[in-house]
Amino acid sequence: MVYCGKPSKACGQCRLRRTRCDALRPSCTQCIRAGRTCGGYRDTDTLMFRHCTKSYGKTNTNNEPTPAPKRKEMVETSPPASSPGSPIPADQFDNAVMSVERYTSLEEEFATCFFFKNYVLDDQSFSRGTFHYLADVYRQETVSPPLKDAVVAIGTAGLAHFYKDPSVMASANRKYSSALNSVSLLLRESASAKEDQTLMAVILLGVYETYTCSNVNVLETLNKHVSGAEALLQLRGKEQIETPLGRELFSQIRSQVITKCWQTHTAVPDDIIQWSEAALQYETIEEAAATRLSLIRTQLCNLRMLSTQLSTSFPPFSPSDSGTLLTCALEIDVSLADWEATCFSAYHYQTVTSEQKSKYMYSDSYHVYSSLAAANIWNEYRVTRIQVNELLVQFSRQIIQAEISSMEMGMETPSAFLYQLVQDSTAITIELAGDICASIPFYTGSRPGDSQGTKGEQSAKAIAANLLVWPLYVAARTECGAEMREWAVGRLRGIAEDMGIQQAMVVADCVANGEACLS
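Heads up: the sequence shown at position 14 corresponds to 14 in full-length UniProt numbering, and the numbers run straight through without jumps.
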């Protein structure tokens with residue numbers, strides 16, 4: 001038996017027409033208004049479990065085709081992202097929300113279940129802030145073709161990695177192409193381009209590309225994809241922040257846009273900043289903390305853009321320019337320190353010391369967070385503070401070099417403050433890189449002594465692994481030393497091998513070769 005999620009309480013007529021039913025008795029309002037006979041309501045308790053098909057849990061040892069299961073049967077097992085080679089027990093699909101009636105084949109249903117297991121379910125508190133909203137979409141709405149195809153494409157790509165089957169990957173590529181073509185058609189009409197499901201499909205297509213990223217050139221394509229999502233935010237306008245789902249989608253794209261702007265040395269669009277500030281009035285304390293951090297990140301991106309412009313201008317920027325940039329960077333660092341000091345209590349984490357060794361632990365300690373969202377926002381903070389302190393080191397060294405080569409600035413020797421700042425900032429970056437490494441066991445659900453991890457940690461592992469690539473890259477690029485760098489490279493390669501996220505392998509190779517690929 002497999003738990004199939006909470007079935008709809010709507011009457012048969014409303015389910016058939018996919019309209020919202022108020023479930024009034026003896027007849028719902030929708031049927032009364034339409035003048036049709038309301039057939040009443042199902043006993044939902046008897047529909048929560050269904051018999052599994054036995055064909056998927058067994059290996060077919062002969063060449064005869066396996067009979068297709070009946071349409072109302074559900075897939076029994078799905079391979080986990082964390083332990084290739086062993087199927088997930090059926091009872092771990094305890095929040096599955098899909099009905100086979102949505103799919104044209106059992107393969108699509110299987111791929112969708114795989115996606116929800118590895119990117120959305122089981123525990124919303126753990127995976128909240130990623131794709132948890134898709135569960136509600138699949139329960140309550142008619143799923144658009146591009147969104148459905150994007151979900152199936154990602155799930156099929158995951159299955160292709162699990163089974164090491166190129167033909168399955170070819171099927172994933174076909175679904176990706178289908179989703180891409182469908183999105184292109186929707187973007188031709190302003191109304192359909194503004195829909196939430198269109199933006200969801202665009203986000204998921206970007207996730208798919210991390211699976212198939214085979215070289216550094218593809219990394220540049222990923223940034224172009226983010227630019228496309230950014231254009232959709234512009235089209236949707238300020239109205240998108242007035243609904244909870246709209247704000248969540250906006251926040252998800254905003255984080256990607258800010259990262260892209262840092263990598264490309266460009267300024268964050270003014271609309272993104274203004275809408276983020278306007279969203280604060282609607283947000284919870286937890287959401288507002290994330291938005292405030294994002295606003296600090298936008299300041300840092302704009303500072304880096306200015307630094308790049310000055311360094312490439314003619315004549316080159318002067319020591320006074322470096323001094324101005326240094327002052328701005330110090331102000332941003334103070335803002336980050338204030339954010340950490342006043343961080344919402346729900347984001348607080350514990351540091352646990354363990355004598356047991358694990359390949360997932362860099363040192364003898366690791367972090368325990370309340371949720372994946374909490375872990376992710378802390379790593380966003382660490383990445384941002386590493387970046388600003390690296391700029392502090394850069395600007396300080398520029399001023400020191402200028403003072404050494406020219407004693408006409410009224411200073412007998414380079415400022416002792418600058419030497420101390422270089423030392424302190426370098427120490428901060430190394431410490432924060434270590435904190436990023438200490439967060440890895442939580443993301444992977446692989447604490448020392450935990451063979452299976454907690455239920456929450458076993459869910460949504462693929463999306464958790466996706467969120468690790470950028471922080472691990474930033475940590476490995478600091479002056480952390482060869483040991484930490486080699487460990488980070490090993491974790492990136494582990495993400496690629498275990499989860500099938502090929503972007504992680506490309507990034508690992510770049511770091512190992514001393515090359516910059518994301519900055």
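Here a beta-carbon is modelled for each residue, glycine too, at the ideal position from N, C-alpha and C.
Residue i to residue j span [Cα, whole Å]
| i | j | result |
| --- | --- | --- |
| Cys-11 | Ala-34 | 14 Å |
| Tyr-347 | Gly-434 | 19 Å |
| Thr-312 | Glu-340 | 34 Å |
| Ile-501 | Ser-519 | 20 Å |
| Ile-399 | Val-257 | 31 Å |
| Ile-332 | Gln-299 | 7 Å |
| Ser-184 | Cys-261 | 25 Å |
| Ile-203 | Ile-253 | 8 Å |
| Arg-297 | Tyr-366 | 26 Å |
| Leu-106 | Ala-23 | 31 Å |
| Gln-401 | Cys-517 | 28 Å |
| Thr-342 | Ser-335 | 11 Å |
| Thr-291 | Ser-251 | 8 Å |
| Gln-387 | Tyr-381 | 10 Å |
| Lys-461 | Glu-108 | 21 Å |
| Ile-272 | Glu-141 | 28 Å |
| Thr-37 | Arg-25 | 12 Å |
| Asp-270 | Gln-197 | 25 Å |
| Ala-508 | Val-489 | 5 Å |
| Glu-515 | Lys-164 | 30 Å |
| Arg-493 | Gly-39 | 56 Å |
| Thr-351 | Val-368 | 6 Å |
Residues near residue i by beta carbon distance below 8 Å, same chain, minus five either side
| i | result |
| --- | --- |
| Thr-426 | Asn-389, Val-393 and Glu-479 |
| Phe-14 | For the record, residue 14 in the displayed sequence is Cys; it is not Phe. Excluding sequence neighbours, Cys-14 sits near Arg-20, Cys-21, Cys-28, Gln-30 and Cys-31. |
| Ile-241 | Arg-247, Phe-250, Trp-275, Ala-278, Ala-279 and Tyr-282 |
Residues sharing a beta bridge with residue i, DSSP
| i | result |
| --- | --- |
| Tyr-366 | Val-352 |
As assigned by DSSP and simplified to three states, the class of residue i
| i | result |
| --- | --- |
| Met-200 | helix |
| Val-137 | helix |
| Tyr-360 | coil |
| Ala-10 | coil |
| Gly-39 | coil |
| Pro-315 | coil |
| Val-120 | coil |
| Asp-22 | coil |
| Cys-213 | coil |
| Tyr-56 | Caution applies to Tyr-56, whose pLDDT of 39 falls short of 50 and renders its modelled position unreliable; the value that the coordinates give is listed next. Three-state result, Tyr-56: coil. |
| Asn-173 | helix |
| Cys-437 | helix |
| Phe-126 | Since pLDDT at Phe-126 reaches only 46, below the 50 mark, its modelled position is unreliable, and the value read off the structure follows with that caveat. Helix. |
| Val-393 | helix |
| Val-143 | coil |
| Ala-68 | With a pLDDT of 42 at Ala-68, under the threshold of 50, the modelled position of that residue is not reliable, and the figure given next carries that caveat. If DSSP states are grouped into helix, strand and coil, Ala-68 belongs with coil. |
| Ser-78 | Caution is warranted here: a pLDDT of 42 is assigned to Ser-78, below 50, making its placement in the model unreliable, and no coordinate value can be reported. |
| Pro-269 | coil |
| Lys-148 | helix |
Proximal residues to residue i (C-beta, below 6 Å), its chain only, five neighbours per side dropped
| i | result |
| --- | --- |
| Tyr-176 | Ala-153 and Tyr-208 |
| Cys-328 | Leu-303 |
| Cys-213 | Gln-502, Gln-503 and Val-506 |
| Met-200 | Leu-147 |
| Ala-383 | One point to set straight first is that residue 383 is Val, not Ala, in the sequence displayed. So the list reads Pro-471 and Val-474, once near-sequence residues are dropped. |
| Val-151 | Thr-112 and Phe-115 |
| Leu-468 | Tyr-443 |
C-beta contact flag for residue i and residue j at 8 Å
| i | j | result |
| --- | --- | --- |
| Leu-295 | Glu-277 | yes |
| Tyr-360 | Thr-429 | no |
| Arg-247 | Ala-288 | no |
| Lys-224 | Trp-275 | no |
| Trp-487 | Tyr-362 | yes |
| Phe-194 | Leu-235 | According to the sequence provided, residue 194 is Lys. The question's Phe does not apply to it. For Lys-194 and Leu-235, yes; Cβs fall inside 8 Å. |
| Val-168 | Leu-159 | yes |
| Ala-476 | Val-511 | yes |
| Ala-172 | Ala-157 | yes |
| Tyr-119 | Ile-463 | yes |
| Tyr-371 | Asp-364 | According to the sequence displayed, residue 371 carries Ser and not Tyr. No; because the gap between Cβ atoms is not below 8 Å, this pair is not in contact. |
| Leu-326 | Phe-395 | yes |
| Leu-330 | Asp-321 | no |
| Cys-437 | Met-499 | no |
| Cys-301 | Ala-267 | yes |
| Asp-149 | Ser-192 | no |
| His-265 | Thr-210 | no |
| Arg-397 | Val-422 | yes |
Contact set for residue i: own chain, Cβ-Cβ below 7 Å, skip 5 residues either direction
| i | result |
| --- | --- |
| Pro-166 | none |
| Pro-145 | Ser-182 |
| Arg-491 | Ile-440 and Leu-472 |
Residue i beta carbon near the ligand SAM (any heavy atom closer than 7 Å)
| i | result |
| --- | --- |
| Val-511 | The ligand SAM is not part of this structure, which contains no ligands at all. |
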